[in-house]
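Chemist:
Protein chains: 2
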Amino acid sequence: MKEGPDIARIGTLIGDPARANMLTALMGGQALTATELAQAGGVTLQTASSHLSKLEDGGLISQRKQGRHRYFTLADGAAGTLLENIMGFAASRGHLRHQPGPRDPALRKARICYDHLAGDYGVRMLDSFVSRGVIRTDGENLMVTEQGRADIGTIGIDVTPLVSSRRPLCKSCLDWSERRSHLAGTLGKALLSHFLEKGWARRSSESRAVLFTPEGERKFLSLFPLERPSPEP
Amino acid sequence: MKEGPDIARIGTLIGDPARANMLTALMGGQALTATELAQAGGVTLQTASSHLSKLEDGGLISQRKQGRHRYFTLADGAAGTLLENIMGFAASRGHLRHQPGPRDPALRKARICYDHLAGDYGVRMLDSFVSRGVIRTDGENLMVTEQGRADIGTIGIDVTPLVSSRRPLCKSCLDWSERRSHLAGTLGKALLSHFLEKGWARRSSESRAVLFTPEGERKFLSLFPLERPSPEP
DNA sequence: TTCATACTTCGATCCTAACCGAAGCATCTT
DNA sequence: AAGATGCTTCGGTTAGGATCGAAGTATGAA
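These protein sequence lines map, in sequence, to chains R and U.
One point on numbering: in my numbering, the residue at position 187 of the first sequence is 188, and numbering is uninterrupted.
One point on numbering: in my numbering, the residue at position 78 of the second sequence is 79, and numbering is uninterrupted.
1) Can you say whether residue 13(R) is buried or exposed, counting buried as having 16 or more other CB atoms within 10 angstroms of its CB?
2) Smallest Cα separation from residue 1(R): which of 113(R), 196(R) and 19(R)?
3) Any beta carbon from chain R within less than 7 Å of residue 6(U)'s own beta carbon?
4) I need the DSSP call for residue 62(R), collapsed to helix, strand or coil.
5) Any idea which residues DSSP pairs residue 209(R) with across the strands?
6) So, at 7 Å on beta carbons, what are the nonlocal neighbours of residue 102(U) in its own chain, with the 5 sequence-adjacent residues on each side left out?
7) Quick one: does residue 87(R) have its CB under 7 Å from some CB of chain U?
8) Give the residues of chain U in contact with residue 18(R), contact being defined as C-beta atoms less than 8 Å apart.
9) Have a look at residue 158(R) and residue 191(R) and give me their C-alpha separation to the nearest angstrom.
10) Shortest alpha-carbon distance to residue 107(R) belongs to which of 95(R), 116(R), 121(R) and 98(R)?
11) I'd like to know whether the C-beta of residue 91(U) is nearer than 7 Å to at least one C-beta of chain R.
12) Could you tell me whether the Cβ of residue 119(R) comes closer than 7 Å to any Cβ of chain U?
13) Taking all protein chains shown into account, decide if residue 58(R) is buried (16 or more other Cβ within 10 angstroms of its Cβ) or exposed.
14) With DSSP run on the structure shown, which of helix, strand or coil describes residue 172(R)?
15) Consider the Cβ of residue 216(U): report whether some Cβ of chain R lies at a distance smaller than 7 Å.
16) Taking contact to mean at least 3 C-beta pairs separated by less than 8 Å, is the stretch 140 to 154 of chain U in contact with the stretch 201 to 210 of chain U?
17) For the stretch 24 to 34 of chain U against the stretch 24 to 38 of chain R, are there 3 or more C-beta pairs whose distance is under 8 Å?
18) Can the beta-carbon of residue 204(U) be found closer than 7 Å to that of residue 124(U)?
19) Work out the CA separation of residue 6(U) and residue 91(R) for me, nearest whole Å.
20) Per DSSP, residue 72(R) is paired with what?
21) In the structure shown, what three-state DSSP assignment does residue 227(R) receive?
22) Would you say residue 201(U) faces chain R, with C-beta separation under 7 Å as the test?
23) List, in order along the chain, the chain U residues whose C-beta lies closer than 9 Å to that of residue 183(R)?
24) Can you check DSSP and say which residues form a bridge with residue 145(U)?
25) Quick one, are the C-beta atoms of residue 60(U) and residue 76(U) less than 7 Å apart?
26) Using Cβ-Cβ distances below 9 Å, what residues of the stretch 32 to 64 of chain R are close to chain U?
27) Report the rounded CA-to-CA distance for residue 188(U) versus residue 146(U), giving the unit in angstroms.
28) I'd like to know whether the C-beta of residue 126(U) is nearer than 7 Å to at least one C-beta of chain R.
29) Is the CB-CB distance between residue 89(U) and residue 175(U) below 7 Å?
30) Do we get a CB-CB distance below 7 Å when we pair residue 146(R) with the residues of chain U?
31) So, at 6 Å on beta carbons, what are the nonlocal neighbours of residue 150(R) in its own chain, with the 5 sequence-adjacent residues on each side left out?
32) Buried or exposed: which applies to residue 227(R), given that a residue is buried once 16 or more other Cβ atoms fall within 10 Å of its Cβ?
33) Can you give me the Cβ contacts of residue 170(R) inside the same chain, cut-off strictly under 6 Å, excluding the 5 residues immediately before and after it?
34) Quick check: residue 49(R) and residue 16(U), are their CB atoms within less than 7 Å of each other?
35) Identify the continuous alpha helix (DSSP H) that holds residue 178(R) and give its terminal residues.
36) Keeping to the same chain, check which residues put their C-beta closer than 6 Å to that of residue 23(U); ignore five residues upstream and five downstream.
And the structure:
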């Protein structure tokens, strides 16, 4: 039975706690140095270096040198999506490392999931889109409706250039703190970028939390109203 | 950094070669006994038993007793989807256990991927659907068009009951032998079931290969014509 | 009851890989 | 040139877990 792709190799790479912590840290979407990742993984720099080269060989991360630093990122969107999928599955089986949901309330409210918004606010955004008919769903796939394109345009985001990419336009991602789905894909990414650019929110320097300003919060809530609790599981 | 789902646990479960082989065998969609899985994993029955209980604790598989046999299956569609995702990612990074593509030509031509058709025929089916406008794609997501519903109806499959399920209707799955996408989801499952019921094909008893009869092959090829090579990567 | 089959549990072995200290290399600063 | 910082490589230790033999349990057959 030696047919097929070597899933054991990917599994082994993700299966080590130090590497898993590093990958989780990289899900924040920012490039991190080897030293920062060593801290995230809870190991010394030497050990981290060994882990990082294994992750790179496995195609999960990539690095670029910049002066005497080495910045590491997830290899590409596919790597991020893979980790999201595994996180969602792990959460669905109750494999949480501590209590259900992040201890930090800010993380629970809004955080970065690779390149898009997760947490309470991420879930609310998708709920709002679905309840207003901007996005339609058939079980798991999501698609933007014709009318939805216009609605998103009024927020200040042009959908057209987002479609050409090889990544899907929109895609649901199981949220481990809310146990509901939030919006991923290029649209999810564009929305988060938009909020950050407009100054409605900023990234926390220590964690994956996204901190909204009072004004940003007001605008967000009015842009994404909830008509009634949606029936999505 | 102990936030979030425990992806390391899932990774560890998949990361052992014996377990990975067992899971791959279960992707065939059929319930297998502990003895069969031990052989698939290349280990003794004692070792397999230990692996199987770990996989069950982790929520990847489930078992049901039947007389003195224990039949194991993947826990649910989510587990199958997760493995498909990892297989696709592994294949995309070139992590194949042997030469690219299965050695067995029958496997390369048509095989089962959990519950739907993969291999050359699986890819052709999706290509045909896309080129004829039965299925439309936006990057990665797939959706059946209105007109497509009727077309699929003429094959003898009613799309309506397939939508209600919690699994997506259709969904692309990266094929590791063809390095292209084939059709998964409830529609993919229904199509495969249809072929088997009609007697156009049957499952090989030893491997995941799907063996078409000459007549079944003729019907399949006429049902899924290729107009021109599609540009999908 | 006795035997056979299917599987689990226990116990011991063995091997891999994670780990860190120390040393080495590269880049930047002064 | 000398020192500091960021990271990698080497070597030796150690722990976890994969493995299997042997014994134990459950179900079915004779």
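Beta carbons: idealized from backbone N, C-alpha and C, even for Gly.
Modeler: This is what the structure holds:
1) It counts as buried.
2) Look at the range of chain R in this structure, 2 to 234, and you will see that residue 1(R) is not part of it.
3) For residue 6(U), the answer is yes, since a Cβ of chain R falls inside 7 Å of its Cβ.
4) Of the three classes helix, strand and coil, the one that applies to residue 62(R) here is strand, per DSSP.
5) Looking at the DSSP assignment, residue 209(R) forms no beta bridge with any residue, so it has no partner.
6) Here the model assigns residue 102(U) a pLDDT of 42, short of 50, so the residue's position is not dependable, and the following value carries that caveat. Within the same chain, and ignoring the five residues on either side of residue 102(U) in sequence, the residues whose Cβ sits closer than 7 Å to its Cβ are 109 and 178.
7) Yes, because at least one Cβ of chain U sits closer than 7 Å to the Cβ of residue 87(R).
8) Neighbours of residue 18(R) in chain U, taken as residues whose beta carbon is under 8 Å from its own, are 9 in chain order.
9) Whole-angstrom Cα-Cα distance: 7 Å.
10) Comparing Cα-Cα distances from residue 107(R) to each of 95(R), 116(R), 121(R) and 98(R), the minimum goes to 121(R).
11) Closer than 7 Å to some Cβ of chain R, the Cβ of residue 91(U) qualifies, so yes.
12) No, its Cβ sits nowhere closer than 7 Å to a Cβ of chain U.
13) Residue 58(R) comes out exposed.
14) Note: residue 172(R) maps to strand in three-state DSSP.
15) Output row for residue 216(U): interface = no.
16) By the C-beta criterion, the stretch 140 to 154 of chain U is judged not to be in contact with the stretch 201 to 210 of chain U, since fewer than 3 inter-stretch pairs fall below 8 Å.
17) In the pairwise beta carbon analysis, the stretch 24 to 34 of chain U is classified as not touching the stretch 24 to 38 of chain R: fewer than three pairs are separated by under 8 Å.
18) Contact flag unset, no.
19) If you take the alpha carbons of residue 91(R) and residue 6(U), they lie about 6 Å apart.
20) Residue 72(R) is bridged to 34(R) and 65(R).
21) In the three-state scheme derived from DSSP, where H, G and I count as helix and E and B as strand, residue 227(R) is classed as coil.
22) So, not an interface residue.
23) Neighbours of residue 183(R) on chain U: none; closest Cβ ~14 Å, over 9 Å.
24) 136(U).
25) Closer than 7 Å, so yes.
26) The stretch 32 to 64 of chain R vs chain U, Cβ under 9 Å: 40, 41, 42, 43, 59, 60 and 61.
27) Rounded to whole angstroms, residue 188(U) to residue 146(U) spans 13 Å at the Cα level.
28) Answer no: the Cβ-Cβ gap between residue 126(U) and chain R never drops below 7 Å.
29) Cβ distance < 7 Å, so residue 89(U) and residue 175(U) count as in contact.
30) No, because no Cβ of chain U sits closer than 7 Å to the Cβ of residue 146(R).
31) If we look at residue 150(R) and ignore the five residues flanking it on each side, its Cβ neighbours are 160.
32) Result: exposed.
33) If we look at residue 170(R) and ignore the five residues flanking it on each side, its Cβ neighbours are 163, 164, 186, 187 and 188.
34) Not closer than 7 Å, so no.
35) Residue 178(R) -> no alpha helix (DSSP H), and no H or E assigned at all.
36) The answer, listed in chain order, is 38, 41 and 42.
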